[in-house]
Each structure stands twice: as C-alpha cells, then as structure tokens.
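Report on one structure; see the data block that follows.
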Amino acid sequence: MKQGIKILLISDSWINLSLGMIGPIYAIFVEEIGGDILDASWAYSVYMITAGVVMYLLSKWEDRAKHKEKFVVLGYALTSIACLSYIFVYNQATLLFTQVLLGLSVAILSPAFDAIYSHYVKVKEEASNWGLWEALSFIVTGLAAVIGGYMANMFGFRTLFIVMFVISLFGALNSIRLYNKKKYLNQE
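Note that my numbering has the sequence shown beginning at 236, numbered continuously upward.
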C-alpha cells in the first residue's frame, strides 16, 4: 500500500473516531440544550444540505487545483474547529452554526480526499484499496459510538467535545504529511 493511502487512512480514522462519538447520542445532546427531535432533524438537515451544495460548487474548482492536499488539510482543520465549537452550543442557533461549519468542512475535504485517494490506488487493487477505507470507516465509527456514549454518560458532553476536538487534531495534523514529495507518497 502506498504511503499516500496510509496517510489518508490514518487521518480519516482519527476524524471518524472523533465525529463518531456524537453520532448515536446527538439527539440527546440537542435535548440537553433545550431542543427536541425536530430541532435535531433540522440541524442534521442543515449539515447535509450545506455539505451537498457547497461540495457540488467547490468540486469543480478543486478539479483544477494543483495541490488538492491543501483542501484535505483545510477540511480536517475545519472539522477540528467544528468539534471544538460544540462546546459553545447552547441553543438551536449556535447548533445550526456548528452544523454549517461541519458541512463546510466535509464539502471542502471530501472531493479532494477522493481525488488524492484515487490517485494512489493501485491498478487491479481498486476494490481492496477502497474496501479498506470503507471497512476502517465502519469499524472506527462503530467503536467511537460506544466510546462517545460511555464518555458522555460518565463525564458529560463538554468533556466529550474536548476529547473529540483533541482526537480530530491528530487527524488534521497527520494530514499535513500529504505535503511530502510525491515520490515518497507513491512508495509502498
């Protein structure tokens, strides 16, 4: 497996670990800030629509960008900031702001990530290379769900968000390694 893929897999695993911690208990957090199921639905909808619209618009521009790794690093950095911003959520408006920020981070990150990952996928190993990314995503997110639920239950959401932020920083900082020379990134 090429170094470029290893870097992307490690970075993405850290990010999935951090974001996966809030997934199954998201609606409980929304209730804690005075919201209800509909508020949780609206906030998630804002995240998804922001990500989708901005991703569509940015991906055309990212196609022409010479250094796609900059978008990956920026996307991961914004994800870290979004994780941190959960600490400051106290009502529906601040929750929506955080969800927009998270949507922007995914929109910036995903097309560039996919383009770079595709570049490093070996011919005749496409299924296994992409399968590894998918498998890690599911496994790490599954583990994160249990860890996040435990942490929120034992220590509260504020502590959970601090841990999410710190973990996401590992992914963002690791992604900076994509700036290495292409020769290194193509090595196995």
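For glycine and all other residues, C-beta sits at the position ideal for the given N, C-alpha and C.
Asked, Found
"Could you name the residues of the same chain whose beta carbon sits closer than 6 Å to that of residue 359, not counting the 5 residues immediately before and after it, in chain order?", "none"
"Between residue 405 and residue 246, what straight-line distance do the alpha-carbon atoms span, to the nearest angstrom?", "7 Å"
"If I measure Cβ to Cβ from residue 411 and keep anything under 7 Å in the same chain, skipping five residues before and after, which residues do I get?", "308"
"Kindly indicate the opening and closing residues of the alpha helix (DSSP H) around residue 283.", "272-299"
"For the alpha helix (DSSP H) containing residue 327, name the first residue and the last one.", "327-355"
"In whole angstroms, what separates the C-alpha of residue 279 from that of residue 414?", "33 Å"
"I need the DSSP call for residue 304, collapsed to helix, strand or coil.", "helix"
"Residue 261 lies in the alpha helix (DSSP H); which residues open and close that run?", "261-267"
"If you check the beta carbons only, do residue 318 and residue 363 fall under 8 Å apart?", "no"
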